[in-house]
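Notes follow the structure.
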Amino acid sequence: MFVPTAIHIRHVLIYLFLSHTTMKDSETFLKNVYNTHAPHYNTIRNWFHRFEKDDFSLDEKDRSGRPRELDLDKLKHALQSDPF
Numbered sequence: 098m099f100v101p102t103a104i105h106i107r108h109v110l111i112y113l114f115l116s117h118t119t120m121k122d123s124e125t126f127l128k129n130v131y132n133t134h135a136p137h138y139n140t141i142r143n144w145f146h147r148f149e150k151d152d153f154s155l156d157e158k159d160r161s162g163r164p165r166e167l168d169l170d171k172l173k174h175a176l177q178s179d180p181f
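Adding 97 to a residue's 1-based position in the sequence shown gives its number in our numbering.
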């Protein structure tokens, strides 16, 4: 069974957006095609809003908040600078 990647879904979303398909109709279409692998409506809405701003890059934007990975060099430096 074909499992779409995030990039594949984003390409389809650009196509649907440029075809003037509504967000709700896009959601229905994606659910019919990809079943459980279809993106949530909020994801579709977020991407359509980006496209409306002429931002068609498929890369995810940097997010603020907790980093995904721990940088061991930074941790070692912090502990050596202030061990207590």
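Here a beta-carbon is modelled for each residue, glycine too, at the ideal position from N, C-alpha and C.
Burial state of residue 176 is exposed, judged by a 10 Å Cβ sphere holding fewer than 16 other Cβ atoms.
Look at the segment 114-166 and you find these whole runs of alpha helix (DSSP H), each 4 residues long or longer: 120-131 and 138-149. If you look at residue 170, you'll find it in the alpha helix (DSSP H) that goes 169-178. Looking at the backbone, the Cα of residue 103 and that of residue 126 are separated by about 16 Å. With a 10 Å radius around the Cβ and a threshold of 16 neighbouring Cβ atoms, residue 116 comes out exposed.
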